[in-house]
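Trainee:
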Amino acid sequence: MIKQCLLANALLAIAVSPACVDEPKQVEAGRDYQVPYRLTNTLHTLVRAKINGKGPFNFIIDTGAPLLFVSKEAGKKLGLSTDKKGWTTLDRFELEGGVALSKVKCRVETPFQLEGMNGLGMAGAELHGIIGYTVLAHFRMEFDFTRDSMKWTRLDFDPPQPQAVGKKGDGGAGGLEFIGGLMKALGQLAGKKAEPQIIPRGYLGIEIYDCKNKVRVQSVQTDGPAARAGMAKDDAILKFQGKRVANTAQLRKLAGEVAAGQPVRLIILRDAEEKTITITTGDGL
Amino acid sequence: MRHFLQLAVILPLVSSVAVADAPNKDDVKPITVPFELLKTQHMVVNIKVNGKGPYRVIFDTGAPINLLNNKVAKEADIIPKKHPRPWFAPFGSMGQFKIKSLQVGDVRAENMDAMVMDHPTVGLISKFMGPIEGIVGFSFFGQYRTTIDYQKKVMTFVPTSYRPPDMMDNMMKMLMAPAAGNKVVAPAGQWGFRIHKNADDTMPGVNVKEVMTASPAANAGLQAGDRLLTLAGRWTDTVGDCYLAASQIQPGTEAVLRVLRDGKTLSLKVRVASGI
Numbered sequence: 009m010i011k012q013c014l015l016a017n018a019l020l021a022i023a024v025s026p027a028c029v030d031e032p033k034q035v036e037a038g039r040d041y042q043v044p045y046r047l048t049n050t051l052h053t054l055v056r057a058k059i060n061g062k063g064p065f066n067f068i069i070d071t072g073a074p075l076l077f078v079s080k081e082a083g084k085k086l087g088l089s090t091d092k093k094g095w096t097t098l099d100r101f102e103l104e105g106g107v108a109l110s111k112v113k114c115r116v117e118t119p120f121q122l123e124g125m126n127g128l129g130m131a132g133a134e135l136h137g138i139i140g141y142t143v144l145a146h147f148r149m150e151f152d153f154t155r156d157s158m159k160w161t162r163l164d165f166d167p168p169q170p171q172a173v174g175k176k177g178d179g180g181a182g183g184l185e186f187i188g189g190l191m192k193a194l195g196q197l198a199g200k201k202a203e204p205q206i207i208p209r210g211y212l213g214i215e216i217y218d219c220k221n222k223v224r225v226q227s228v229q230t231d232g233p234a235a236r237a238g239m240a241k242d243d244a245i246l247k248f249q250g251k252r253v254a255n256t257a258q259l260r261k262l263a264g265e266v267a268a269g270q271p272v273r274l275i276i277l278r279d280a281e282e283k284t285i286t287i288t289t290g291d292g293l
Numbered sequence: 081m082r083h084f085l086q087l088a089v090i091l092p093l094v095s096s097v098a099v100a101d102a103p104n105k106d107d108v109k110p111i112t113v114p115f116e117l118l119k120t121q122h123m124v125v126n127i128k129v130n131g132k133g134p135y136r137v138i139f140d141t142g143a144p145i146n147l148l149n150n151k152v153a154k155e156a157d158i159i160p161k162k163h164p165r166p167w168f169a170p171f172g173s174m175g176q177f178k179i180k181s182l183q184v185g186d187v188r189a190e191n192m193d194a195m196v197m198d199h200p201t202v203g204l205i206s207k208f209m210g211p212i213e214g215i216v217g218f219s220f221f222g223q224y225r226t227t228i229d230y231q232k233k234v235m236t237f238v239p240t241s242y243r244p245p246d247m248m249d250n251m252m253k254m255l256m257a258p259a260a261g262n263k264v265v266a267p268a269g270q271w272g273f274r275i276h277k278n279a280d281d282t283m284p285g286v287n288v289k290e291v292m293t294a295s296p297a298a299n300a301g302l303q304a305g306d307r308l309l310t311l312a313g314r315w316t317d318t319v320g321d322c323y324l325a326a327s328q329i330q331p332g333t334e335a336v337l338r339v340l341r342d343g344k345t346l347s348l349k350v351r352v353a354s355g356i
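These protein sequence lines map, in sequence, to chains S and E.
Okay, so the first sequence: first residue is 9 according to my numbering, each after it adds one.
Okay, so the second sequence: first residue is 81 according to my numbering, each after it adds one.
1. If you reduce the DSSP assignment to three classes, tell me which class Met248 (chain E) lands in.
2. Does the beta carbon of Ile179 (chain E) sit closer than 8 Å to a beta carbon anywhere in chain S?
3. How would you call Gly305 (chain E), buried or exposed, if buried means at least 16 neighbouring beta carbons within 10 angstroms?
4. Is Asp186 (chain E) close to chain S, meaning its C-beta is less than 8 Å from at least one C-beta of that chain?
5. What three-state label does DSSP hand Pro284 (chain E) in the structure shown?
6. I'd like to know whether the C-beta atoms of Gly285 (chain E) and Leu308 (chain E) end up nearer to each other than 8 Å.
7. Just confirm the distance between the C-beta atoms of Asn66 (chain S) and Ala133 (chain S), as a whole number of angstroms; I'd bet it's less than 8 Å.
8. Assuming Gly292 (chain S) and Tyr211 (chain S) form a contact by the criterion Cβ under 8 Å, report the distance between their Cβ atoms to the nearest whole angstrom.
9. Output, in chain order, the set of chain E residues within a Cβ distance shorter than 8 Å of Gln42 (chain S).
10. I want to verify the contact list: residues of chain S whose CB lies under 9 Å from the CB of Gln303 (chain E), in sequence order.
11. Can you look up Tyr323 (chain E) in the DSSP assignment and give me helix, strand or coil?
12. Can you give me the C-alpha to C-alpha distance between Val253 (chain S) and Ile285 (chain S), rounded to a whole angstrom?
13. Inspect the beta-carbon positions of Val129 (chain E) and Met235 (chain E) and report whether they are closer than 8 Å.
14. Checking contacts by CB at 8 Å: is Lys349 (chain E) closer than that to chain S?
15. Thinking just about the alpha-carbon of each residue, which of S:Asp40, S:Asp152 and S:Leu246 is nearest to the one in Arg46 (chain S)?
16. At what residues does the alpha helix (DSSP H) containing Lys102 (chain S) begin and finish?
17. Which of the three DSSP states, helix, strand or coil, is assigned to Met235 (chain E)?
18. Could you check the C-alpha separation between Gly177 (chain S) and Phe171 (chain E) for me, to the nearest Å?
19. Could you tell me whether the stretch 164-179 of chain E touches the stretch 113-126 of chain E, where touching means 3 or more Cβ pairs closer than 8 Å?
20. Can you tell me the Cα-Cα spacing of Tyr323 (chain E) and Lys151 (chain E), whole angstroms?
21. Roughly how many angstroms separate the alpha carbons of Ala194 (chain E) and Arg224 (chain S), rounded to a whole number?
22. Out of E:Ala300, E:Gly313, E:Asp317 and E:Leu337, state which residue places its alpha-carbon closest to the alpha-carbon of Ala279 (chain E).
23. Which class does Asn126 (chain E) belong to by DSSP, given the choice of helix, strand or coil?
24. Nearest to Lys241 (chain S) by alpha carbon, out of S:Arg278, S:Arg148 and S:Lys111?
25. Taking Phe120 (chain S) as the query, report the chain E residues whose CB atoms sit under 7 Å from its CB, ordered along the chain.
26. Could you compute how far the alpha carbon of Leu163 (chain S) sits from the alpha carbon of Gln223 (chain E)?
27. For the alpha helix (DSSP H) containing Gln205 (chain S), name the first residue and the last one.
28. Please return the same chain residues whose Cβ sits closer than 6 Å to the Cβ of Asp140 (chain E), not counting the five positions on each side in sequence.
29. Name the residues in the stretch 52-69 of chain S whose C-beta lies less than 9 Å from a C-beta of chain E; which are they?
30. Report all residues from its chain with a CB closer than 7 Å to the CB of Ile179 (chain E); omit the five preceding and five following residues, and keep chain order.
31. Give me the chain S residues within the contact set of Gly210 (chain E), using Cβ-Cβ distance strictly less than 7 Å, ordered along the chain.
32. Consider the Cβ of His163 (chain E): report whether some Cβ of chain S lies at a distance smaller than 8 Å.
33. Does the beta carbon of Tyr230 (chain E) come closer than 8 Å to any beta carbon on chain S?
34. For Gly264 (chain S) and chain E, any beta-carbon pair shorter than 8 Å?
35. What distance in whole Å lies between the Cβ atoms of Ala312 (chain E) and Ala335 (chain E), which are believed to be in contact at a cut-off of 8 Å?
36. Within this structure, are the beta carbons of Thr97 (chain S) and Val116 (chain S) separated by less than 8 Å?
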């Protein structure tokens, strides 16, 4: 239960506002945007944003947050200077998909949920901030997790600014702040990193299709890695790295796990004869 | 410190609960649910839990799971009689349970996951904004095409085929996984081009190094020397970004590459092939 409490709280991105902000200017009511998103391991909707033309930075969409939070780490990278209370105004805040706001007030602060998730590398991506009401309310948002982008429609709406609750010094998470630091400490013990390094998968240079429970080669790219290893059109691929493959989806999955520059061994069927060929994977999409 | 270490040991030992359940029947018409906006700018909806209520809760897209306080848990009979109270229950944290029926306005979902806990942030908000008994999160809205309109103060819901994974299950897998180091990312389909970016190049986009002859990219008019700015609407500012974006595009579908060539921005439509 202790773990549930800690973890769940770190994931529940809900925050209260410490003070007031001014509203950004608005334009182009009615315009639709397709905003690409990614669902993190922690089941947060992650979108990417560029701040003053720099980035991209990873943000979660959070109706439980009253405003825009930019982590201290990202703030430092951007060279943002804040007033004494931690507020700053971003000249430009642009989301992937074309949504852009100018003169956006935000807090440069790392809410404990971000610190915790980043510390344990839980989300599968480093999180740089939280997008809350003061940005979200300019749009009608549509979530649909069967699609790979959200739909945002610009509203002709001037969202009011959030009010702080409680007394000064009371406006935090109500006593949960320790969790972020604790999880960061745990993550350091476990050697966790927030952001995995992306390695492009190796390229073979063949088109494939499904035919009678076999994977067949439709075409071989001239001078590509597969061609150099002697693969030919109409070959059937039986095994990839010792594993039997019955369809293209299986083969794509296995081939998708091999980095560029690696040798892979394939067993193919050509003219009713089994052959082994070894391809050194190349680079390409 | 000993406490930390104990925690670290406990974490991977705990196993998970069941998986999210069977789909609701399709009903194409969106159901509209009004919400109240607090002065703190949190969205509040009325819910019924196992027919009990209504209760006021916060609608939170940043919450991976629903959360209810102990008062509601008791009234709605969420915690099984034999469930032992945890040896350590900060903020009354009892664990994760199934709710038979969760009604959010006129939307009724069955067999929902919820945490039971007296969340201090929720407590803080309700101290000033009237009683708030919990949070509705991803385990609910993830199952719907959900729209939020802050101007009209309404949400709409249409069921989809998506079923959220069990949050705890998910989290345990994450924590037990080896430290995030390297991750091989594969395009879902074949495009037929190579990219490159120098370490000191900080401008948006990546360089197209080579376009394979007769490939989908070549057919779309992509050329070596183009600067690739976006792939299917996603920024391609690093080589890794480009692969991540391409991992979303299935073979047989069309996607747009936006490229910069001779100072002009072009949109090239590529039909992605099935290949590796």
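All C-beta atoms, glycine included, are put in the ideal place defined by N, C-alpha and C.
Mentor: Based on what the coordinates show:
1. helix
2. no
3. Counting every other CB atom within 10 Å of its CB across the protein chains shown gives Gly305 (chain E) a total below 16, marking it as exposed.
4. So, not an interface residue.
5. coil
6. The criterion of a C-beta distance shorter than 8 Å is satisfied by Gly285 (chain E) and Leu308 (chain E).
7. 5 Å
8. Distance from Gly292 (chain S) to Tyr211 (chain S) at the Cβ level is roughly 4 Å; contact confirmed, criterion being Cβ atoms closer than 8 Å.
9. Think of a sphere of 8 Å around the beta carbon of Gln42 (chain S): the chain E residues whose beta carbon falls inside it are Gly313, in chain order.
10. Correct list: empty, because the minimum Cβ distance to chain S is about 15 Å.
11. helix
12. 15 Å
13. no
14. With 8 Å as the cut-off, Lys349 (chain E) does not count as an interface residue toward chain S.
15. S:Asp152
16. Position check: residue 102 (chain S) holds Glu in this sequence, whereas Lys was assumed. First-last for Glu102 (chain S): Trp95 to Leu103, but that is the beta strand (DSSP E), not the alpha helix (DSSP H).
17. strand
18. Model confidence at Gly177 (chain S) stands at a pLDDT of 42, short of 50, so the residue's coordinates are unreliable; what they give is reported in the following sentence. Distance between the alpha carbons of Gly177 (chain S) and Phe171 (chain E) is about 20 Å.
19. no
20. So the alpha carbons of these two residues sit roughly 48 Å apart.
21. 47 Å
22. Nearest of E:Ala300, E:Gly313, E:Asp317 and E:Leu337 to Ala279 (chain E), Cα basis: E:Asp317.
23. strand
24. S:Arg278
25. Those do not exist, as Phe120 (chain S) stays about 10 Å from chain E at its closest Cβ, beyond 7 Å.
26. Rounded to whole angstroms, the separation of the alpha carbons of Gln223 (chain E) and Leu163 (chain S) is 25 Å.
27. Note, Gln205 (chain S): premise wrong, no alpha helix (DSSP H); beta strand (DSSP E) at Gln205 to Pro208.
28. Ile215 and Gly217
29. His52, Thr53, Arg56, Lys58, Gly61, Lys62, Gly63, Pro64, Ile68 and Ile69
30. Val129, Asn130, Ile158, Met192 and Ala194
31. Result: empty, since nearest Cβ-Cβ is about 12 Å, beyond 7 Å.
32. So no, His163 (chain E) is outside the interface.
33. yes
34. yes
35. 4 Å
36. no
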